[in-house]
Structure formats: C-alpha cells, structure tokens
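Engineer: Chains B and U supply the protein sequences, listed in that same order.
Okay, so the first sequence: first residue is 1 according to this note's numbering, each after it adds one.
Okay, so the second sequence: first residue is 1 according to this note's numbering, each after it adds one.
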Amino acid sequence: MSDAPAIVTEGLTKHYGDVRALENLDLTIGQGEIFGFLGPNGSGKTTTMRTILDLIRPTAGTAKIMGLDSHEDSVEIRKHIGYVPGDLALYRRLTGRELLQYFANLRGGVNWSYVDELADRLTSDLSRRIGEYSSGNRQKIGLIQAFMNKPSVLILDEPSTGLDPLVQQEFQAMLREVTAEGRTVFLSSHTLSEVERVADRVAIIREGRLVVVDTMDALKAKAIRTVTFHFGSPVAESVFSTVPGVREVDIVGSAATVSFEGPMSGLLRAATDHDVVNLTHSEADLEEIFLAYYRNGQPAEQVGA
Amino acid sequence: MLATIFTKAIRDRSVGVVMSALAVALLGAGAVWIYRDVGDLIAELVAGMPETIVSAVGLSGAGTGTTFVLGEMLNLIAPMVLGGIAISIGTSAIAGEERDGTLGLLLANPRSRTSVLLSKTGALLAMSVVGSLFLWGAVVVAVGLVGGEIGNLTLGAMAVHLMAFTMFMGGLALFIGSWTGNAAVASGVSVGVLIFSFLAAGLLPLVNGLENLAKIFPWYYFNSSKPIESGIDGLDLSVLVGATAILIGGALIGVNRRDLRAGAGGTLVERLFKNHPRVAGYVERMAGKPMVANIPIKTVTDHQFAATISAAAIFYTAVLVGPMFNGLSSTLGELTSALPEALLRIVGGVDMSTPAGWYHAEVFSLVIPAAIGALTIMMGSRALAGEEDATTMDLLLANPITRSKVVVSKFVALVAMAALLGFATFVGSVGGVLLGGLDLSIANIAAASFQGVGLAVLLGASALLGGAVTGRPKAAAYSGIAVGLVGFVMYSFLPVNENLAGWAKLSPFYYYADNSPLENGISWGYMGILFGVSLLLVLLASVAFERRDIRN
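(1) Can a CB atom of chain U be found closer than 9 Å to the CB of Pro-159 (chain B)?
(2) Put Arg-472 (chain U) into one of helix, strand or coil per three-state DSSP.
(3) Closer than 6 Å by C-beta to Gly-131 (chain B): which residues in its own chain qualify, once you throw out the five before and the five after it? Chain order, please.
(4) Could you pull the DSSP bridge partners for Leu-68 (chain B) from this structure?
(5) Does DSSP classify Ser-282 (chain B) as helix, strand or coil?
(6) Is Phe-37 (chain B) close to chain U, meaning its C-beta is less than 9 Å from at least one C-beta of that chain?
(7) So within the stretch 92-133 of chain U, which uninterrupted alpha helix (DSSP H) runs reach at least 4 residues, ignoring any that extend past its ends?
(8) Count the C-beta pairs between the stretch 468-481 of chain U and the stretch 375-388 of chain U that are closer than 8 Å, then say yes if the count reaches three, no if not.
(9) In the stretch 136-203 of chain B, which residue ranges form an unbroken alpha helix (DSSP H) of at least 4 residues, counting only runs that do not cross its ends?
(10) Would DSSP call Asn-24 (chain B) helix, strand or coil?
(11) For Val-249 (chain B), I'd like the list of residues in its chain whose CB is within less than 6 Å of its CB, leaving aside the five on either flank, ordered along the chain.
(12) Which residue's Cα is closest to the Cα of Phe-37 (chain B): B:Thr-191, B:Asn-111 and B:Asn-105?
(13) Using only the alpha-carbon positions, how far apart do Ile-89 (chain U) and Lys-64 (chain B) sit?
(14) For Val-227 (chain B), which residues of its own chain have a beta-carbon under 6 Å away from its beta-carbon, when the five flanking residues on both sides are left out?
(15) Measuring alpha carbon to alpha carbon, tell me which residue in U:Trp-358, U:Leu-530, U:Asn-552 and U:Gly-431 is nearest Thr-391 (chain U).
(16) Are the C-beta of Ala-184 (chain U) and some C-beta of chain B separated by less than 9 Å?
(17) Give me the residue from U:Leu-135, U:Gly-131, U:Leu-420 and U:Ala-159 with the minimum Cα distance to Ile-232 (chain U).
(18) Alpha carbon to alpha carbon, how far is Ser-119 (chain U) from Arg-261 (chain U)? Give it in angstroms, no decimals.
(19) Starting from Ile-232 (chain U), trace the alpha helix (DSSP H) both ways and give me its first and last residue.
(20) Report, in whole angstroms, the separation of the C-beta atoms of Leu-154 (chain B) and Val-178 (chain B), which I expect to be a contact under 8 Å.
(21) What are the partner residues of Glu-10 (chain B), as DSSP defines its beta bridges?
(22) Where do the ends of the beta strand (DSSP E) carrying Val-160 (chain U) lie?
(23) Quick one: what does DSSP say Ala-418 (chain U) is sitting in, helix, strand or coil?
(24) Flag this pair as yes or no: are the beta carbons of Leu-122 (chain B) and Phe-186 (chain B) separated by less than 9 Å?
(25) Applying the criterion that 16 or more other CB atoms from any shown protein chain within 10 Å of the CB defines a buried residue, is Lys-45 (chain B) buried or exposed?
(26) Report buried or exposed for Gln-139 (chain B), applying the criterion of at least 16 other Cβ atoms within 10 angstroms of its Cβ.
(27) Any beta-carbon of chain U closer than 9 Å to the one on Asp-69 (chain B)?
(28) Since I believe Gln-31 (chain B) is in contact with Thr-306 (chain B) (beta carbons under 8 Å), could you give me their beta-carbon distance rounded to a whole number of angstroms?
(29) Is the Cβ of Gln-168 (chain B) closer than 9 Å to any Cβ of chain U?
(30) Excluding sequence positions up to five away, which residues of its chain have a Cβ less than 6 Å from the Cβ of Phe-217 (chain U)?
(31) Tell me whether the beta-carbon of Gly-39 (chain B) lies closer than 9 Å to the beta-carbon of Asn-24 (chain B).
(32) Where does His-360 (chain U) fall in DSSP's three states?
(33) Indicate whether at least one CB of chain U lies closer than 9 Å to the CB of Gln-101 (chain B).
(34) For the stretch 107-134 of chain B, enumerate the residues whose C-beta is nearer than 7 Å to any C-beta of chain U, in chain order.
(35) When you measure from the CB of Arg-197 (chain B) to every non-hydrogen atom of the ligand ZN, does any distance come out below 8 Å?
(36) Is DSSP giving Tyr-102 (chain B) helix, strand or coil here?
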C-alpha cells in the first residue's frame, strides 16, 4: 500500500435538507494510529464514517483512504477496510460461521485459522444462529468479520457496545496489536476510558463541526489538575495566584489547594520559597475535559472563565 | 378513554385508510368510465341469465352499466380493502404491540389494560366510520367526474353495512390478538376468515341443502341482503354489530387475564422455533440450510421456505385441474356459449370447454401470475430495500463489491426462483394433462409456463426498482403489486371497450397471455419484451441505487 495517510478528509460536508449533519470536516489520520473519534449523540460521527465508506455521499468535500478517493475507488478501498457499523445488524438466520463465510467469500483473503483464533480470544461461539445470540455475542461476530481479513484500516463505530469487561480488555489488546503491525484504527466510542486507554490521538466533534484534534498527552497536559501543599505556616493566596497557568487558589489554614493547567514547574518554584511539609496531587480528569468540549465546544479551563 | 392512545392509533393508520378508500373510488370511477358504452349491454345480459350462473361467477344482477360496475367495486373490493385495514388495526392493537415489545412500555403508564384496549377499539371504530363515509363520498365525486350516474343505488346503506362488517373484522383480529398475544395468528386467522367467508357466502347458497350454512359467515350479513340495491337490512346489521360487541367484550376478558409477552421479537420463524420445536423441525427442513457461496445463492436459499410452499401449491393445483376437466366439460361448454365475449373476459377470458381454455382459466390466467409474482415481488422488495431496512446493507456494502453487482446478483436470484416455480407449473400441468388424458400440447404448456416466468420476473424487477429508488420495502412491494394489479385490470377490462383496447398493450399481462401460448405456443417476441423491459428496470435500479445514500 502507499505511504499516504490512512484517512484524509478535506472540507467534508453532509447536509440533509436544512440539517447540517457534517460541516467542513478536515481530518488526517496517519498509518499505524489509533484515532479516537468522540462527540455527543447525533454529532456526526456515524455520518463521517458512512461517508468515508461511500454508503452516503458528501454534499461537499472529499475523503481519501490510503490515498484513494472514497467514491471513485470505493471497491478497491473496501478490499483494505474492516468496518463495524454503530447499529450492527446481521443475518439472523445464519450461524456465526455461515455469516463469516459469506463475507469471506465476498471479500477474499481470509485465513480461517485466524478467524478461529479471533473467535477464541473473544469467546465467541460461531456454531449458533445469530438470531439466538445476545447483543454482546452479536457484537463479537461483528468484530470478527471486521478483523478477519487483516484490513489496513479498521473503521469501528461504537465497537465495544454490549461487550463484557473481560472481552473489552481483549478487544483493546487486539487494537494495540493492529497498530503494532502498522495498521490503522478509526474508533468512535462513548466509553471515554477506553479511548483514553488505547487512542494515540483524539478528535471531538459537536453538531457536525470539529472542535478539537490533539494527542492524548496534549489533552492531558491541558487538563486542569489540583495540587494541595501543606506548609509549616499559613501562606498568602498571592503566592500562587500570579503564577502562569493557575486557575484557582483555596487557602484553608496552612494548606493551599491550587488548580492549574500546563507545566508544574512555575508552581513548584513558587511553593518551595516557603516551608513545604507535604504535597498531594490528583490525576488529570480527562473525562471532565471531554464533557466540557461536548457541552460547550470549549475545553474545561475556558468554561466560566 | 385515553385520548393519546386513541390519537396515536388514528395517526398510525389514517393515511392508509384514506389512500385505500381513494384507490377503490378511483378504480370504481375508472371502471365506470371504461364500461360506459358496454355496461348497459352487460347488465342486460346478466339480468337475462339464470341466477345460479350469475352468482357463481360473482356478479350481481339488475341495474344499468354504472350500477353494475359500482356494485362489483363496493361489494367485493371495498370490504376486502377496508376489512384488511381493520384487521391490521385490530392485530396491532394488542398483539402487534406485544410483538414489537412496546406494550410493556405503554402499560408502564398509569392506565389499565381495559382502558388501553377501549381506546384502541375507539380508534378502530373511528377508522371504520371515516373509511366507509369517505369511500361513499369519493365514489359519488369520482363517478360524477367521469360522467356516470349513481341511479337509485343506496350507497349510504352500503356504507353502513360496510362499517359494521369492517368493525367485525377488526374486532375479530382484536379478539384473537388479545387472547393469544400472537400478531401472526391474529392477522392470519382473520384474513383467512375474510377470504373464506367471501367464497362461502357466494358458493354455499348454490349447493342444495347447504344454503343455510352461509349464514355462519360474516360476509353473508354484509351483503346477502344486497344493501346497495335494497337499503339497510336491520336484522343482518344487528347480527354484525352484536357479534362485534361480543368479540370486543371477549377481547377485554382475554387481555386482562393473560400474562403479556415481553417483546417476542425476531421473525415469525424464530418465534416458531422457540415455542414449537416440532413445527420448527418441519419449517427448518423446508427452509433448507442457508448457503453462502455468493449473493445469488444466499438470496435463493433465504427464500427457500416461501418457494417450497408456492411450488407445492402451484404443482397440486396444476395437477388437480386436469382430471377435473372431464367431469365438467359439458357444463362448461354450455356456460361458455351462453356468455358474451365481453363477459367472458372478466371471468377468465377464454373458452373453457377446451383443455387449453380450461387450463388457462383455472391455472394460468390468475393463479400462476399471483403465485410466482408474489414470490418475485417479495424477493424484489427485500433485495435492496429489505436489507436497508434491516440495516444489513451497510455491512454488505463494506465488502469490495459494487452496488450494481449487488443489484444484478439479487436479480439473478429472483430469475432463478421464478424459473424454479415456472418449472413446477410445467411439471404439474403436464401431470394433470396426462392424468386427465387431455389433448394439450406439452410444448405449449412449456411455452405458457415460460411466459409466466417472464411476467413474474418483470413484476419482481418492478419491486426491485421501487426498492432501489426509495430504500423502503413497503414502497418496493407496492411498486411490484401496482404494476401487477394495474396491468391485470388493464389487460382484462380495457379490451371490452373497442376505443380503449389498444391501451391494453401497455400491460405486461398482454405479453404474457395475449398470444394464448397454451393454444399457439411461445411468442419469442413477447418473451423478448418481458425480459427486455425487466432488464431495463434492473438497469434503472442499478443507476438509482448507485447514486443515492444508503438508508440508516
């Protein structure tokens, strides 16, 4: 395959009459990345994925997969894609194995020992009719069919819906193996902890517009963290309030609780001018950031500021 | 009464009711228009025929051309259509909501089962009244527009009888649904009663000693008193109303004493599998094992169950009709010679005293197009729109195949299935001819069967195109059914009026039957037209399907 990015969208726009499902979306997803795609319900995640797959056609803009045009070269593209739709529906009359055989026949290049390995890892029973499966077990079949031909790009719309925590863990391990082989994952999910665990980069969209794209580390660095210093004697609020990045200072007795974003060094310098007895630090709350973006299209620190 | 439930039930159906009533009225007006010139003649002829024959072929006596035609519409088509809608409302009221798993949610509100059922009954009543009145009005307007005359027909009385009959059919479905919670049983049994009671009410009075048996069927109380000519029959009407009241009372008891089902979900077959392992065994054997080598093969095996039943029904009908001919041929000859050609067309079109005419009338004119066409229309509507509706199309198209290939693959499956049923027609008819020792050419039977395949393929392709354009299975099926029904009506009725006869060539039925393949052998030209048009429809379907967004 080419060295082109795995997925590129340029000005991707989709309107349904007056409804602007997607507005001018520019995304570039490199090969070998796990790219998390987040947003509230109805924000345009599924529309983006279905457009990339040529199931729906953009009102404006283009999408390219591995350098190929999503519409012109759609058949060639689909030789290299694995897809799990958000609203997964399968042929209820077929058994799991029959369904996988059907798609394998249409797709080619499926190694059955790999299929059995996937089924084993996800604890999926392929011998039963799909109509008899629980939704979680149906989801496993959806995952196997997406992974089975070792596609270059996996487009996964809410893939862990209905999976139990053990299977979720296995699924996340599978995602990491995919990227270790240089293959790409485009993942939309409402399970923020899952995205936090596996994604290299994250995009958040809201009402069809891209709000932010950044690496997970940068987002974490942007997150507001809280440090509590315990001093030998009370200190004035002004010790911290002038330090760049500090958002809030709360003095109670000889303890000072400081909320801040960005690097910590300035804060530490200000504190060590005084008699620091102890220090406690709370983790960055990524979920809070996501939710702030969801609610307002703004990162948390700008909210109410 | 729960106004909300009532309004929702009305809203769910009002379009269907109004459209159906309108369609019946337009059909009536169209028929009046076609028959303006020849109707009086037919009416005169019918009046002169013995009562038994008139009743046997399902005609009503007396009146002018207009009244004769309108009578046919209102006595047969209107109760079938409105009765069918009422059954669908009655079924969905309780059993349908159980099937969809929504009844539990509805009853989680602080409302009793009794009040829910009464609200739904109210909606049923409202729809019966509105449907009948609307039909009455629409008929008057439509007939006026084409310059026909209502004459002294008592359309109001007809509407009242229609209302009561419609309520009864809806009440029956409601009753069965309330006791069983099974939507398939409720609608299946009720539709069976609707059709069977029509046949029984028409035929039983002709049989000596069985005349009174007709009185156990609701159709008898609907129109044996001929309300369209003689006005309201109070006694018959009160029987219908009383029976309906009993059904609704029974439904109230049923729904209150039973455990409700939690969203049975899944297809009818799946529920059978769960509840009746033995039935499931038979069904599974008939449905066969799914095969997944490619799209056409999978599509064919998906429909194996329906195809098996259709093939068996076609085969037995075709076999049995042969030996029957010998017992009836003399009577048939008399009947045929007594009828003018215009009238013959309505009842099947040909001289039934010859083996070819007999087979055409009994097997090929209606049974074959209906049986094979039903299957191809079903396959055509499920091909694209069905997969979109089930949202499996997204996954199918995630594979490296073009949309056109999906369209063509599904069409290939449809042709294969039509050919299979055509073969059943051929083998069954040959069997019947041999059993009855009839003088009918086997090559011509093959020709007629083959042309039947062509017609069915065209109907299926129409449904396929409907689905390719809209992505909605109902719209797809209606496209196929509309082409079939309009085509049948055009081919059967237009030639009656000389000035309109040429228009019959627009009907696919013309190219199926007009060369009388049972007598004259195959017309390759007609076959070419049937398959050529089908291919054109598939091409259009491919273009339409390639261009649009897949529904989600």
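No residue lacks a Cβ here, since even glycine has one placed at the ideal position from N, Cα and C.
Structural biologist: The answer reads as follows:
(1) One-based indexing of the first sequence puts residue 159 (chain B) at position 159. Under the 9 Å criterion on CB atoms, Pro-159 (chain B) is classed as non-interfacial with respect to chain U.
(2) Counting from one through the second sequence, the residue named residue 472 (chain U) turns up at place 472. Residue state, collapsed to three classes: coil.
(3) The count along the first sequence starts at 1 and reaches residue 131 (chain B) at position 131. Arg-92.
(4) Residue 68 (chain B) sits at position 68 when you count from the first residue of the first sequence. DSSP, once it has assigned bridges, lists B:Ile-65 as partnering Leu-68 (chain B).
(5) One-based indexing of the first sequence puts residue 282 (chain B) at position 282. Reduced to three states, the DSSP call for Ser-282 (chain B) is strand.
(6) In the first sequence, the residue the question calls residue 37 (chain B) occupies position 37. By this cut-off, Phe-37 (chain B) is not an interface position.
(7) Those alpha helix (DSSP H) runs which fall completely within the stretch 92-133 of chain U and span 4+ residues are 97-100 and 103-107.
(8) The stretch 468-481 of chain U vs the stretch 375-388 of chain U: in contact.
(9) Unbroken alpha helix (DSSP H) runs of no fewer than 4 residues, entirely contained in the stretch 136-203 of chain B, are found at 165-180 and 192-198, following chain order.
(10) Here residue 24 (chain B) refers to the residue found at position 24 when the first sequence is read from its first residue. Three-state DSSP puts Asn-24 (chain B) in a strand.
(11) Mapped onto the first sequence, residue 249 (chain B) falls at position 249. Beyond the five residues adjoining it in sequence on each side, Val-249 (chain B) comes within less than 6 Å, by CB distance, of Glu-237, Phe-240, Ser-241 and Val-258 in the same chain, given in chain order.
(12) Locating residue 37 (chain B) in the first sequence gives position 37, counting from the first residue. Taking only the C-alpha atoms, the option nearest Phe-37 (chain B) is B:Thr-191.
(13) Locating residue 89 (chain U) in the second sequence gives position 89, counting from the first residue. Locating residue 64 (chain B) in the first sequence gives position 64, counting from the first residue. Separation of Ile-89 (chain U) and Lys-64 (chain B) (C-alpha to C-alpha, rounded to the nearest whole angstrom) is 49 Å.
(14) Numbered from 1 along the first sequence, position 227 holds the residue referred to as residue 227 (chain B). Apart from the 5 residues on each side of it in sequence, Val-227 (chain B) sits with its Cβ closer than 6 Å to the Cβ of Val-258 and His-281 in its chain, given in chain order.
(15) Along the second sequence, read from residue 1 onward, the residue named residue 391 (chain U) stands at position 391. The candidate whose alpha carbon is nearest that of Thr-391 (chain U) is U:Asn-552.
(16) As a first step, residue 184 (chain U) is located in the second sequence; it is residue number 184 there, counting from the start. With 9 Å as the cut-off, Ala-184 (chain U) does not count as an interface residue toward chain B.
(17) Your numbering for residue 232 (chain U) matches position 232 in the second sequence. Among U:Leu-135, U:Gly-131, U:Leu-420 and U:Ala-159, the Cα nearest to that of Ile-232 (chain U) belongs to U:Ala-159.
(18) In the second sequence, the residue the question calls residue 261 (chain U) occupies position 261. In the second sequence, the residue the question calls residue 119 (chain U) occupies position 119. Cα-Cα distance, rounded: 20 Å.
(19) The sequence position of residue 232 (chain U) within the second sequence is 232, counting from 1. Judged by DSSP secondary structure, Ile-232 (chain U) falls outside any alpha helix (DSSP H); it is assigned neither H nor E.
(20) As a first step, residue 154 (chain B) must be located in the first sequence, where it is residue number 154. As a first step, residue 178 (chain B) must be located in the first sequence, where it is residue number 178. Between Leu-154 (chain B) and Val-178 (chain B) the beta-carbon gap is near 6 Å, inside 8 Å, which marks them as a contact.
(21) To locate residue 10 (chain B), count along the first sequence from 1; it is residue 10. The partner list for Glu-10 (chain B) (beta bridge, DSSP) reads B:Thr-62.
(22) For this step, residue 160 (chain U) is matched to residue 160 along the second sequence. That residue, Val-160 (chain U), is in no beta strand (DSSP E); its alpha helix (DSSP H) goes 155-180.
(23) Along the second sequence, one-based indexing puts residue 418 (chain U) at 418. Residue state for Ala-418 (chain U) is assigned as helix, using DSSP reduced to three classes.
(24) Locating residue 122 (chain B) in the first sequence gives position 122, counting from the first residue. Locating residue 186 (chain B) in the first sequence gives position 186, counting from the first residue. No, the Cβ-Cβ distance between Leu-122 (chain B) and Phe-186 (chain B) is not below 9 Å.
(25) Position 45 of the first sequence, counting from 1, holds the residue named residue 45 (chain B). With 16 or more neighbouring CB atoms inside 10 Å of its own CB, Lys-45 (chain B) falls in the buried class.
(26) Here residue 139 (chain B) refers to the residue found at position 139 of the first sequence. Counting the other Cβ atoms within 10 Å of the Cβ of Gln-139 (chain B) gives 16 or more, which makes it buried.
(27) Here residue 69 (chain B) refers to the residue found at position 69 of the first sequence. So, not an interface residue.
(28) Absent from the model: residue 306 (chain B). The displayed extent of chain B is 1 to 305, so no value can be given.
(29) Counting from 1 along the first sequence, the entry for residue 168 (chain B) is found at position 168. Residue-level contact by beta carbon fails for Gln-168 (chain B) and chain U, as no gap is shorter than 9 Å.
(30) The count along the second sequence starts at 1 and reaches residue 217 (chain U) at position 217. Closer than 6 Å at the Cβ level, and outside the excluded window around Phe-217 (chain U), lie Ser-197, Ala-200 and Ala-201.
(31) Position 39 of the first sequence holds residue 39 (chain B). Position 24 of the first sequence holds residue 24 (chain B). No; because the gap between Cβ atoms is not below 9 Å, this pair is not in contact.
(32) Along the second sequence, read from residue 1 onward, the residue named residue 360 (chain U) stands at position 360. Collapsing the DSSP output to three states places His-360 (chain U) in a helix.
(33) Residue mapping note: residue 101 (chain B) aligns to position 101 of the first sequence, counting from 1. Taking Cβ atoms only, chain U reaches closer than 9 Å to Gln-101 (chain B), which makes this a yes.
(34) Listed by position along the chain: Arg-107 and Gly-131.
(35) The model on display carries no ligand, and the ligand ZN is accordingly not part of it.
(36) Position 102 of the first sequence, counted from the first residue, corresponds to residue 102 (chain B). In the structure shown, Tyr-102 (chain B) adopts helical secondary structure according to DSSP, grouped into three states.
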